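Counting the sequence shown from 1 gives a position; my numbering is that position plus 386.
A short worksheet on the structure shown next.
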Amino acid sequence: MKRYFLYTLPLFLTILYILLLLHGTNLVTADMGRHLINGKLFLSNWQPIATNTYSYTYPDFPVLNHHWLFGVLLYLVFLVGGFVGTHLAFLATSAAAFLVFFRIAQQKAGLFLASAAALLCLPLIAERAEIRPEALSYLLASIFFFLLLKHRQGKFSAKKLLAILGLLQIVWVNLHIYFFLGWVLVGVFLFESIYISGLKSKCTKMLAWCFGTILVASFINPFTYTGALAPFTIFHEYGYRLVENQSVWFLQTILTMPNLLYFEIIFMLLVASFIPVFIKKRTQIRFTETII
387 MKRYFLYTLP
397 LFLTILYILL
407 LLHGTNLVTA
417 DMGRHLINGK
427 LFLSNWQPIA
437 TNTYSYTYPD
447 FPVLNHHWLF
457 GVLLYLVFLV
467 GGFVGTHLAF
477 LATSAAAFLV
487 FFRIAQQKAG
497 LFLASAAALL
507 CLPLIAERAE
517 IRPEALSYLL
527 ASIFFFLLLK
537 HRQGKFSAKK
547 LLAILGLLQI
557 VWVNLHIYFF
567 LGWVLVGVFL
577 FESIYISGLK
587 SKCTKMLAWC
597 FGTILVASFI
607 NPFTYTGALA
617 PFTIFHEYGY
627 RLVENQSVWF
637 LQTILTMPNL
647 LYFEIIFMLL
657 VASFIPVFIK
667 KRTQIRFTET
677 II
C-alpha cells in the first residue's frame, strides 16, 4: 500500500498543480509577447536588446536585458509548437521544479507530511500562472539545492558538483534575475561547513571553490560585470512600484486577493511548525535547511 502511495501521491499533486496553472494568457498585458520578440530579434542579429526598444518616447535609453536568453528559448519553442507549445513547456518546467522540491521534502519529512505541506502550499506556488522566466529559476534553484544536499550526504562527487553548478550558473545568469539564488544556496552550505568543520576542512575548501566558480560564472553574460551585479542595481531608477515587488502586507491595503490572507496563514503555520522541532529534535536541526 505504501509503495502505491509513493508514486500516486506525487503524481496527483503534480497534476493538481498543473491544473491550477492552466489559465488563459492575456497577450495584451502579459510579458510573453516582449520575450518572443526579444528572442526573434536576437536570432536575426545575434545581439541581445540593450536599449528601451519598445518605448515610443525614449527607445535609445540603455537597459540591462538580464533575461535575454529566456526570450531566445521561448521563441525557439514557439517556432516548433506555437502558443500551445510554449504553454506546455512552461507547465513541464513548473512541474519538474515542483517534483524536485517535493522529492527533497519527502526525503526529509516523509511522504505524507511532504504531501500535506505541498497540498497546503499549492494555491500559493500556482499564483504566478503566466509564462515567465522565473519558472526556470524555480527549476534551477531546485537542482542546485538537490545536488548540494546529495554532495553533503557523500552521494555526489565534488568535481561533478563544481562542473555542473558552474555550467548551470552561466545559463542562469542569462535567463533571469534570480540567478543570485545560486550564490545564496552555495553560500549557505559553505557557511554551514565552516561552522561545523572549520575553514581548513576538505568540504569547506571544495564549497569555497564552488562558490568562487559560480561567482565567476555570473560574469559570463553579454553585459559582463553589469549583468553580474544586476541584483544589486535592479531597483535603481525603477520608475514605479511593480505589484510583485511589494510585500504582502502592503498589497493588502490596496488589493483584495484571497491568497494574501492565505499566505499569512501558511506563514504562521510555518513559523509554528518550528516550535516542536526545536523542542523535540534540536540536535537534528541542520543549519542550512533552517536558514533556507
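Positions of the beta carbon are idealized from the N, C-alpha and C atoms, including for glycine.
Keep in mind the model is a prediction, meaning the values are calculated, not measured.
- Per the C-alpha coordinates, the member of Y403, T612, L460 and F391 positioned closest to I423 is L460.
- Per DSSP, H421 is one residue of the alpha helix (DSSP H) stretching across M418 to N431.
- In this structure, the straight-line span from the alpha carbon of D446 to that of Y440 is close to 10 Å.
- Counting along the chain, no alpha helix (DSSP H) covers F605, and no H or E run does either.
- Under DSSP, the beta-bridge partners assigned to P448 are T437.
- Just measuring C-alpha positions, the residue of A544, T479, Y444 and L455 sitting nearest T400 is T479.
- Apart from the 5 residues on each side of it in sequence, L547 sits with its Cβ closer than 7 Å to the Cβ of L533, H537 and C596 in its chain, given in chain order.
- Remark: three or more beta-carbon pairs, one from each stretch, lie closer than 8 Å, so the segment 594 to 611 and the segment 552 to 564 are flagged as touching.
- L408 sits away from L508, with the two beta carbons spaced by 8 Å or more.
- Within the model, the alpha-carbon separation for N412 versus V663 is close to 44 Å.
- Taking 8 Å as the cut-off, the beta carbon of A512 is found no closer than this to the beta carbon of F488.
- One thing to note: V572 has its Cβ within 8 Å of the Cβ of I600.
- According to the DSSP assignment, E623 belongs to no alpha helix (DSSP H), since it is labelled neither H nor E.
- Residues of the same chain with a CB within less than 6 Å of the CB of M592, apart from the 5 flanking positions on each side, are A544 in chain order.
- In this structure Q492 is buried. Its beta-carbon is surrounded by 16 or more other beta-carbon atoms within 10 angstroms.
- Pairing I490 with I529, the inter-Cα distance amounts to about 10 Å.
- In the three-state DSSP reduction, G471 falls in the helix class (H, G or I).
- If you draw a 10 Å sphere on the C-beta of N431, you find fewer than 16 other C-beta atoms in it, and that means exposed.
- Taking C-beta separations shorter than 7 Å and ignoring five residues to either side along the sequence, the partners of K426 in its chain run Y461, following chain order.
- With fewer than 16 other Cβ atoms inside 10 Å of its own Cβ, E650 counts as exposed.
- Separation of the CB atoms of A614 and I563 is rounded to 11 Å, and the pair is thereby denied contact status at 8 Å.
- Residues of the same chain with a CB within less than 8 Å of the CB of I404, apart from the 5 flanking positions on each side, are L477, S480 and A481 in chain order.
- Using a Cβ distance threshold of 8 Å, S633 and L567 do not count as a contacting pair.
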